[in-house]
Amino acid sequence: MLIGKRISGRYKIIRNIGGGGMANVYLAQDMILDREVAVKILRLDFSHEEEFIKRFQREAQSATSLVHPNIVNIFDVGEEDGIYYIVMEYVDGMTLKQYIHNYYPVSIEKSMDIMNQLTSAISHAHHHQIIHRDIKPHNILIDQNGTVKITDFGIAMALSSTSITQTNSVLGSVHYLSPEQARGGMATNKSDIYSLGIVMFELLAGRLPFSGESAVSIALKHLQSETPSVRRWNSSVPQSVENIIIKSTAKDPFHRYEDVEEMSLDIRTALSDGRIHEEKYVLPIDHDATKAIPVIKDRYPLENVDHTIVKEPVQPAQQGKKKRKKWPWILFSIFILFGIASVLAVTVLPDLLGPKEVTVPDLEGESLNEAYQKLVALNFEVGEEIEVTDEEIEEGSIVRTNPKSGSVVKEGEIIDLYISSGKEKYTMTELIGLSEQNAKRLLLNAGFLDENIVIESEYSDEIPGTVLSQSIESDQEVVASDETITLVVSKGVQEYTLPDFTGMNLNEYTQEAQTLNLMIETKTENSPDIEKGRVIRQSPEVGSTVQKGDKITLVISEGPVILQNKTYTEEIVIPYESVEPGIPQSVEVRLDDYYNDLQTTANQFTITQDKPFSIKLVIEPGGTGVYEVYIDGEKMDSLSKTIQYSEVE
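Counting in the UniProt record's numbering, the sequence shown runs from 1 upward without gaps.
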């Protein structure tokens, strides 16, 4: 456990504040400068992997060359006892992923401010010939003041480098991966631009543009599918803002922004009065590509085409001879006849010559066949059949007519029929990855009833409240008000109260750890009281709170220590000290050990010169060994010795 440990004698680890597949991040106290720092430590299981060590060191090298207010500062880099670490600025806040989850919908203005800071940071990196290659909300931090900081340059690449990316290798997070990276090509500065566009989409829509059952299916969508309109999920996004996403996420890098500075300029001016209502940006079409040309049809019948009308000149009438004026009498007669004709036209002729007036019947709820029969019986002509959705009238039945029922019209009038296509169908959207609150809001807006939205929860590595699955798949058409949908949301990583493992044997503590999804590290030591193979003690202690995947240490008993007899050896020299040279001296060597006692002479011989002699004592636990040397019957104290068991190695 690293909690409480001092790295390099300076950085005291306080608590874990995050981590990923390669490293864990801890809050630490810089004991020299008295400030909080973040310490990123390569996971111990990767500390012997050369590739991971190089990648970890590359992150430090990349980031230390960048000094920018929107890039996390690196203070120190090192290695101690196999622990590789990077000491960096501690940002008191949250990741952009958490920010979107907590505050969606994020205002357009705030979103553009965040993107402006991000593009400023990435532009700085590109100016220093560094491509990030893994831009995603998880690697972006926002502090309490709203300052954005980008971090994790673990797979960053120098623009001049050719050794980092190998053929067909893909690095980066698949949801934010550019098409060229997805197909295994070399990442460029335009790859970062694409990832920035995906981040901008998620910031404004509260969800990712592409999802799928596997990383491969998502990567294929990045390669083949156009980025959906962000305005589908957030209608308040101005066209000028959506245009930035369209251009930055173009499949062809050639059609994206030339560099991040150009994208940044677009972001800074997108909400200006002169741009906010601009036309939708249309990506250039490759006219050299082979395309199917549709058949061109005549859209207009000939009778609707305008004709040129030529007015003939009026020929003047030939003047005749002057005659007697009869026209006043003729005019008077015409006037009398016209009056009589008008009276007849108003009173008599309509009944004799014109069609009768008929009331349009009420056909609501009738079948189409029944409606036809009734209209024909009343001498109406049936016009268009127009399908409309209706919440009450069943599919195939008449909703209304035009002219409407009750209207008085002439016989032979054309009556249009509006036929029910049933209740309005809703195309199910992708809810996975959204917060429970946002997913429920979308469902209610689509027409789902609150009581038909069932929320279930389960433990997962996702942020608590994140939707993990939905019972109705995306793109499926449903009648929202008639459907029940179940959303499974994350409860976060499961926490456990650590049980007491002491006294358990191998099978017992292994099974208990598997049940709690814990990793076990074991150590051994002798114990006079605990049976061999059983747990003596554990770390963390009983009652501690642990999470799925945490590691616990168990100390296993080797049983009591069994002491063995020890063998003591020593080389001595017995001196020859006769008064008269050549006269033999009698020597006795007496031993007191596991096999001998001092009452018995172990060795007896004579010498006429100094003689080397090997002493060998077998001493039992807690006992002593003694050897005594006698010359001519006299004990030689200088050649006698007592040895304790504990003195023998």
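In this text, a Cβ means the ideal position worked out from N, Cα and C, and glycines have one as well.
Burial state of residue i, where buried means 16 or more other Cβ atoms lie within 10 Å
| i | result |
| --- | --- |
| leucine 518 | buried |
| glutamate 570 | exposed |
| glycine 412 | exposed |
| isoleucine 145 | According to the sequence as given, residue 145 is asparagine; it is not isoleucine. When all chains shown are included, asparagine 145 counts as exposed. |
| glycine 4 | exposed |
| asparagine 445 | exposed |
| asparagine 438 | buried |
| serine 440 | Serine is not the amino acid found at residue 440; the sequence shown has lysine there. Lysine 440 is buried by the Cβ-count criterion. |
| serine 264 | buried |
| tyrosine 595 | exposed |
| glutamine 227 | According to the sequence provided, residue 227 is threonine. The question's glutamine does not apply to it. By the neighbour-count rule (16 or more Cβ atoms within 10 Å), threonine 227 is buried. |
| leucine 33 | exposed |
| lysine 190 | buried |
| valine 25 | buried |
| alanine 377 | exposed |
| proline 584 | exposed |
Cβ-Cβ separation, residue j to residue i (assumed contact under 8 Å), whole Å
| i | j | result |
| --- | --- | --- |
| serine 211 | glycine 383 | Rounded, the Cβ-Cβ distance is 45 Å, inconsistent with contact. |
| glutamate 385 | isoleucine 414 | About 12 Å; that fails the 8 Å criterion. |
| threonine 389 | glycine 422 | 7 Å |
| isoleucine 150 | asparagine 139 | 6 Å |
| histidine 126 | aspartate 259 | 7 Å |
| glutamate 213 | glutamine 239 | Not quite, the Cβ-Cβ distance comes to about 33 Å (not below 8 Å), so this is no contact. |
| glutamate 456 | threonine 486 | 6 Å |
| serine 490 | leucine 468 | 6 Å |
| methionine 31 | lysine 54 | Rounded, the Cβ-Cβ distance is 30 Å, inconsistent with contact. |
| isoleucine 135 | aspartate 192 | 6 Å |
One or two residues paired with residue i in a DSSP bridge
| i | result |
| --- | --- |
| asparagine 24 | Gly19 and Ile41 |
| asparagine 402 | Asp416 |
| glutamine 547 | Glu495 |
| serine 471 | Its beta-bridge partners do not exist; DSSP assigns none. |
| asparagine 603 | Val589 |
| glutamate 570 | Ile615 |
| aspartate 76 | Val87 |
| aspartate 30 | Tyr11 and Arg35 |
| valine 148 | Ile142 |
| lysine 410 | Glu357 |
| tyrosine 630 | Glu588 and Lys635 |
| serine 367 | Ser397 |
| lysine 221 | In DSSP, lysine 221 forms no bridge with anything. |
Where the beta strand (DSSP E) through residue i begins and ends
| i | result |
| --- | --- |
| asparagine 438 | It is not in any beta strand (DSSP E) - asparagine 438 instead sits in the alpha helix (DSSP H) that spans 436–446. |
| residue 657 | Missing from the structure shown is residue 657; the chain here goes from 1 to 649 and no further. |
| arginine 537 | 535–539 |
| threonine 95 | 93–95 |
| lysine 523 | 519–525 |
| leucine 271 | Run containing leucine 271: none; DSSP gives neither H nor E here. |
| residue 652 | The requested residue 652 is not part of the displayed model; the chain covers only 1 to 649. |
| valine 384 | The sequence given here places glutamate at residue 384; valine does not occur at that position. First-last of the beta strand (DSSP E) with glutamate 384: 381–388. |
Residue j beta carbon less than 9 Å from that of residue i
| i | j | result |
| --- | --- | --- |
| threonine 249 | proline 209 | yes |
| serine 272 | isoleucine 108 | no |
| aspartate 475 | methionine 504 | no |
| alanine 121 | asparagine 73 | no |
| lysine 548 | tyrosine 509 | no |
| glutamate 424 | alanine 480 | yes |
| isoleucine 41 | leucine 27 | no |
| glutamine 564 | proline 528 | no |
| isoleucine 77 | leucine 141 | Checking the displayed sequence, the identity of residue 77 turns out to be valine instead of isoleucine. Contact flag unset, no. |
| alanine 371 | isoleucine 393 | no |
| isoleucine 552 | proline 540 | yes |
| valine 648 | phenylalanine 613 | no |
| proline 253 | threonine 188 | yes |
| alanine 270 | asparagine 243 | yes |
| leucine 204 | isoleucine 246 | no |
| histidine 101 | isoleucine 453 | no |
| serine 557 | isoleucine 536 | yes |
| isoleucine 607 | leucine 591 | no |
| phenylalanine 56 | alanine 23 | yes |
| lysine 611 | valine 626 | no |
| glutamate 521 | leucine 554 | yes |
| aspartate 593 | valine 618 | yes |
| valine 408 | phenylalanine 380 | no |
Chain D contact for residue i (CB, 9 Å cutoff)
| i | result |
| --- | --- |
| methionine 428 | Although the question refers to chain D, the structure presented lacks it and comprises just one protein chain. |
Element boundaries [alpha helix (DSSP H), containing residue i]
| i | result |
| --- | --- |
| proline 201 | Per the sequence shown, residue 201 should be read as phenylalanine rather than proline. That run of the alpha helix (DSSP H) goes 189–205. |
| isoleucine 142 | Not the alpha helix (DSSP H): isoleucine 142 falls in the beta strand (DSSP E), residues 140–143. |
| methionine 115 | 108–127 |
| valine 241 | 239–248 |
| glutamate 180 | 179–182 |
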